[in-house]
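Colleague:
Numbering (our numbering), first residue to last: 2 to 84.
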């Protein structure tokens, strides 16, 4: 039995990142996470500039938790990561 894994490596250009408007929504942008096969929406989170930088550096989805007021990497307590 084999399992096929599809991965999409999306690395935005510096020019694209420079166009993001962090000035609205208290410096947060909405982030939609989708299943790569079905395109089903898995979650909606929020990112600030620091969480986006950490996501790009580590390859693991990092969000800004509005309730905890800190960076939050998906799966840090559950082990169910988004990478």
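Ideal placement from N, C-alpha and C gives every residue a C-beta, glycine not left out.
If you're wondering where the values come from, they're calculated on a predicted model, not measured in any experiment.
Leaving out five residues on either side along the sequence, give the residues of the same chain with a beta carbon under 6 Å from the beta carbon of residue 73.
Modeller: Reading the chain shown from its first residue, position 72 is the one you call residue 73. 64 and 66, listed in sequence order.
Colleague: Would you kindly work out how many angstroms separate the C-alpha atoms of residue 83 and residue 62, rounded to a whole number?
Modeller: As a position in the chain shown, residue 83 is number 82, starting the count at 1. As a position in the chain shown, residue 62 is number 61, starting the count at 1. Each residue's Cα considered, the two are about 6 Å apart.
Colleague: Can you pull the DSSP bridge partners for residue 63?
Modeller: Within the chain shown, residue 63 is the residue found at index 62, counting from 1. Its beta-bridge partners are 74.
Colleague: In this structure, does DSSP put residue 21 in helix, strand or coil?
Modeller: On the chain shown, residue 21 is found 20 positions in, with the first residue counted as 1. In the structure shown, residue 21 sits in coil (DSSP, three-state: anything other than H, G, I, E or B).
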